[in-house]
Every structure is written in structure tokens, then in C-alpha cells.
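**Q** In this note's numbering, the protein residues as written are 28 to 539.
Dumping the structure here so I can ask a few things about it.
Following this line, the structure appears as C-alpha cells:
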């Protein structure tokens, strides 16, 4: 698709434009147009509007084509940093390493047509981009070293160095997402027409000549996937290449060490499922954090929800807790770097959660935010699509659908695991004993504050089986929760406790 080019450059933000935001309820002013963004514990370093990147005008709206995904690249030669900003019309390159401005360097246009969905990852100084709903697009490969030494020029247009189209039997045309395990050099294209929409696995050892190496198609369509060389507590899989797929109504764990024979390890459901969208391993690979794209839209939950799965046993994962934000916005993509989770939550912008690590289930605390869409926080698809927090020095780049590229630094302040910003929970839920069990098992809930509590038993598919308790509990009360196994078939179950400040779960196993 040809790009409609903008003539000339515009003034960019400078270091003087950086604005620090401290307490909640504060605002920072946009250095471009003065818009006030609600924020907390974060610094706005700059913004580059879509038009200033070189994004062409959509003739149907008379506005720049809308943004989508984002990723980043740090040049190993000189440490310079670049944002790779996805858009309906292509991928836009912006240098973000300078403190005196953001430098637009041009665009890699779409191979076919403008489309809402584009995804970008980086391996060995090459960008890999796929697009969904884009016909015979394939996976574009772009040598990022071509950006070295360039002056700012938003009108610059590049062509792909290669386009991967799969094989005759497993072609890649449109695809929803691509993930890359940089430790192994394998890419995982998902949501394509090949491999039943599951994992189309590609060897990237030669980035300009990707090679198909296998499929994982046993669980159907995958919307997004995160793949790691596993270093978590489950010794059975230590050193294995593990992928976690978000598959519509379920999250799947797959051992892809042997590309010719990938193994489905387990599937994990959770209550109030709308659309299992995306997720990322936490530090130490004990927990997996995920977002559901439509639970807010469908009214399944009142506020934005972040899911925390316990992956201590990959054969038997379960939902450990749910973190509820103060807004009603739809959550989209999240990434974990160190002890912070960076969430692009559409209309509520960039949200940052701290992993406090204060018990058997890591407690979470809201730490910082920048609301890139101050017009409102309702569920929907305006605002922040995604972020990239892996540059270091707390620098984060954010892609907003209509406002373009934000560059922020945060969190600021002295938050530590001993200084959470607010209550991280108001009850403690002990592990069940015995577990596994036959006739009966018992859990104990200790209230840390007077509150209303609802305790529900679910099966492994997330279906409600019964309410174990519903009512008020007083501070320091110990609530005994007995589960009668005689009425349950052998299998896996979940006890979910919903209090006024947190939600937590424990997994039960009923045996014969």
C-alpha cells in the first residue's frame, strides 16, 4: 500500500518538556497541544503525534490511520534506542534515545492493505511484523541496522528485506501475532490460517531466511503467546522451551522443545471468562499474569481485572488471584519487567503494578499510571493499545490509537516491597488440607479487616458449583471452609474468595 507522505518536519519535544507527576490526582500537560493527562508517580518525557511520524490520512475519516502495537530495539553498537510503532498503515520507526527530542525515521508500509491489527517483535537486530485481516501479507523482516546514523525524516519509506510466507502446506498470509523466544531464536506465529490457527513455529537463526519447523495445532486458534526457556519451580520442565497461549476461552501451556512433537502440558480456565487475550511470565516463572479482553465489555466484572495464575506445577496450573483496578476500562496488553507489570488498558492508558512478593501468592499494588485518553475510562477500544518497557532506566514507550507515541519514565519515588501504596489484601487464604483429598478438605480464611466475603467453588472449566460462604466477616475472624468431596467427581476444582479489597483462589484435587 503506498503511503501518502507529509512534507516537512515539525518541532519535537525537548528535555525541558519532561514533566514529573507524583501523587494521585495530579496531571501533566501534553508538550504538543497542552492536553492534561491524569497521572501518578510517572514522568512524561515526550509525545510524537501520528501525523508527525509520517502516518498518512485515512480517506474515510480524514484523520491519520490509527495506531496499534509497539516494540523496541536497542542498538548493541551504540546503545541508541528506537520505538517500532505499529499502525494500520505499517510500522513507523522513531529514535527515542535523545533527551532533546523524538526523531521520526520513516516507515515500513504494510505489504497489502491497511488493517487494525499489526504485531512486531525483534531478534538479532531485525524486526518481524505480521498483520491480521491483511490478505497475503506474510511476515515482514526488516534489518534495523539500516536506521543507524539517519537524520529525522518522517517521509522516508523502506521496503522489507524479506517476507516470510510459510510453506505450500502451511502458508502464512494474515496472522494476528508473533512471539519470539530470543534465547532460542524461534518465532511463533499465531492466529494465522496455518497450523489450525495455533503455533506456526519458525527458525530465525538466519533472520533473512526464516525456516518453518513445525506446528502446534492441538488446541486450535491462539490469539497471543509468550514463550520462554523455563526456569521456574517445576523441575520436570527446567530448561525446556515453554509457550503459554491465550486461546479464546482457555490458557494453554505447551512444551515446544521438540518442534516436531510439541506437547500440550495443561489447560487452565478461570471464572467469568470473556476472551483470554494475552499474558506474560513474572519473575522466576512462578506466576503468569494475563488479561481478558472482553470481561469488562460483557459486564462479567465491574472493574478492570488482571489475572494471576500459579504455575508452580505446569501440569496443574490454577488461578491464584485477581487484581481489580479502580477503572472500568478494557485491559489489552501487559508485559512484566523485573517486579513491575506494565499494562496498556485502553481508555485508562498505561498502568503500572508492583509485584510485592509478600507471601505464597505475590501481592500486587497499583504503583503508577499515565492516562493517555483523559476523555473517559469506560470499557472499549480507545486509548493505549500496548507498551514496551524493556529499554532499561524505567523508560517505557506507549502506543496510543489516536495520540501516537508516548515516552515516559516511571515509576518515580521510593516504592519497595515494604512500602506498598495501599492495601494489598484484607484476608489470608490458607492452602487446603489435605490436598489431594477424597472425602473432605478444609481451607481457613483469616480476615484482616471487617468485610463482606463471597466464597465459591468452581470446576476446572470455570463453572460455578456452589457457594461455600456469603456474608460479613469481622477483623481477625477465622472462617472455616469445608469442601465435601463425596458429591464431587475426581478432578480439579477451584475455591475462589472475593473480598472487598482482593480476590484469591486455591486449587483442589479430588482423587478416587
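Glycine residues also receive a C-beta, built at the ideal position from the N, C-alpha and C atoms.
#1: Per the contact definition of three or more C-beta pairs closer than 8 Å, is the segment 249–261 in contact with the segment 335–346?
#2: Is residue 254 helix, strand or coil when you go by DSSP?
#3: Residue range of the alpha helix (DSSP H) that residue 79 falls in?
#4: How many Å lie between residue 192 and residue 221 at the Cα?
#5: What do you reckon, are the CB atoms on residue 349 and residue 483 nearer than 7 Å?
#6: Round the Cβ separation of residue 306 and residue 331 to the nearest angstrom and send it over; I've been treating them as touching at under 8 Å.
#7: Counting Cβ pairs, one atom from each stretch, are 3 or more of them under 8 Å apart for the segment 309–325 and the segment 486–500?
#8: What residue ranges within the segment 114–161 form continuous beta strand (DSSP E) runs of no fewer than 3 residues, ordered along the chain?
#9: Let me know the secondary structure DSSP gives residue 356 once reduced to three states.
#10: Just to confirm the assignment: which complete beta strand (DSSP E) runs, minimum length 3, are found wholly within the segment 335–384?
#11: Would the segment 184–198 and the segment 150–170 be scored as touching if the rule is three or more Cβ pairs under 8 Å?
#12: To the nearest angstrom, how far is the alpha carbon of residue 396 from that of residue 465?
#13: On the CB-based measure, 16 or more other CB atoms within 10 Å of its CB, does residue 441 come out buried or exposed?
#14: Given a threshold of 16 other Cβ atoms within 10 Å of its Cβ, counted over all protein chains shown, does residue 186 qualify as buried or as exposed?
#15: Less than 7 Å separating the beta-carbons of residue 399 and residue 381?
#16: What are the boundary residues of the beta strand (DSSP E) that includes residue 286?
#17: Give the DSSP-derived three-state secondary structure of residue 540 in the structure shown.
#18: Tell me, please, whether the segment 136–144 touches the segment 111–127 by the rule of three or more beta-carbon pairs shorter than 8 Å.
#19: Look up residue 520 in the DSSP assignment and give the residues it is bridged to.
#20: Between which two residues does the beta strand (DSSP E) containing residue 242 stretch?
#21: Could you please give me the residues that DSSP links to residue 85 through a beta bridge?
#22: Measuring alpha carbon to alpha carbon, tell me which residue in 199, 299, 532, 504 is nearest residue 336.
#23: What span of residues does the beta strand (DSSP E) with residue 316 cover, start to end?
#24: Which of the three DSSP states is assigned to residue 45 in this structure?
#25: Does the Cβ of residue 323 have 16 or more other Cβ atoms within 10 Å, making it buried, or fewer, making it exposed?
#26: Who are the near neighbours of residue 536 in its chain, counting only those whose CB is closer than 8 Å to its CB and skipping five residues on each side?
#27: Would DSSP call residue 468 helix, strand or coil?
#28: Could you give the C-beta distance for residue 508 and residue 522, rounded to a whole number, given that I count them as a contact under 8 Å?
#29: Assuming residue 228 and residue 215 make a contact with CB atoms under 8 Å, what is their CB distance in whole Å?
#30: Once the 5 residues before and after residue 156 are set aside, which same chain residues still bring their CB inside 6 Å of it?
#31: Using the C-alpha atoms, what's the distance from residue 404 back to residue 50?
#32: Kindly list the residues whose CB is nearer than 6 Å to the CB of residue 300, restricted to its own chain and excluding five residues on each side of it in sequence; keep chain order.
#33: Checking the sheet assignment: what are the DSSP bridge partners for residue 303?
#34: Determine which residues share a DSSP beta bridge with residue 213 and list them.
#35: Between residue 99 and residue 418, is the Cβ-Cβ spacing less than 7 Å?
#36: Could you tell me if residue 142 is buried or exposed, where buried requires 16 or more neighbouring beta carbons within 10 angstroms of its beta carbon?
**A** The answer reads as follows:
#1: In this structure the segment 335–346 lies against the segment 249–261, because at least three pairs of beta carbons, one per stretch, are closer than 8 Å.
#2: If DSSP states are grouped into helix, strand and coil, residue 254 belongs with the strands.
#3: Boundaries of the alpha helix (DSSP H) harbouring residue 79: 77–80, taken from the DSSP string.
#4: The C-alpha of residue 221 is placed about 11 Å away from the C-alpha of residue 192.
#5: No, the Cβ-Cβ distance between residue 349 and residue 483 is not below 7 Å.
#6: Contact flag wrong, Cβ pair sits at about 15 Å.
#7: No, the segment 309–325 does not touch the segment 486–500.
#8: Here the runs fully enclosed are 117–122, 130–136, 144–150, 153–159.
#9: Residue 356 falls in the coil class under three-state DSSP.
#10: List check, beta strand (DSSP E) in window: 345–351, 360–364, 367–371, 377–382.
#11: Judged by pairs of C-beta atoms under 8 Å, the segment 184–198 touches the segment 150–170, as three or more such pairs exist.
#12: For residue 396 and residue 465, the distance between alpha carbons rounds to 47 Å.
#13: No answer about residue 441 holds up, because its pLDDT of 40 lies below 50 and its placement is not dependable.
#14: So residue 186 counts as exposed.
#15: A distance of 7 Å or more separates the beta carbons of residue 399 and residue 381.
#16: Bounds of any beta strand (DSSP E) do not take in residue 286, whose DSSP letter is neither H nor E.
#17: There is no way to answer for residue 540, as the model of the chain reaches only from 28 to 539.
#18: Here the segment 136–144 makes contact with the segment 111–127; the two share three or more CB pairs at distances below 8 Å.
#19: Partner(s): 486, 535.
#20: In this chain, the beta strand (DSSP E) harbouring residue 242 covers 238–243.
#21: Looking at the DSSP assignment, residue 85 forms a beta bridge with 90.
#22: With distances taken between CA atoms, residue 336 lies nearest to 532 out of 199, 299, 532, 504.
#23: Element bounds for residue 316: 314–319.
#24: If DSSP states are grouped into helix, strand and coil, residue 45 belongs with coil.
#25: Under this definition residue 323 is a buried residue.
#26: Here the set comprises 343, 462, 463, 464, 518, 519, 520.
#27: Of the three classes helix, strand and coil, the one that applies to residue 468 here is strand, per DSSP.
#28: Yes, residue 508 and residue 522 are in contact; Cβ-Cβ is about 7 Å, under 8 Å.
#29: Confirmed, Cβ separation roughly 6 Å.
#30: Cβ within range, chain order: 118, 147, 167.
#31: The straight-line gap from Cα to Cα measures roughly 19 Å.
#32: If we look at residue 300 and ignore the five residues flanking it on each side, its Cβ neighbours are 276, 489.
#33: Answer is 275, 319.
#34: As DSSP reads the structure, residue 213 sits in a beta bridge with 208, 230.
#35: Yes. Within cutoff.
#36: Burial is judged here by how many other beta carbons sit within 10 angstroms of a residue's own beta carbon; residue 142 has at least 16 and is buried.
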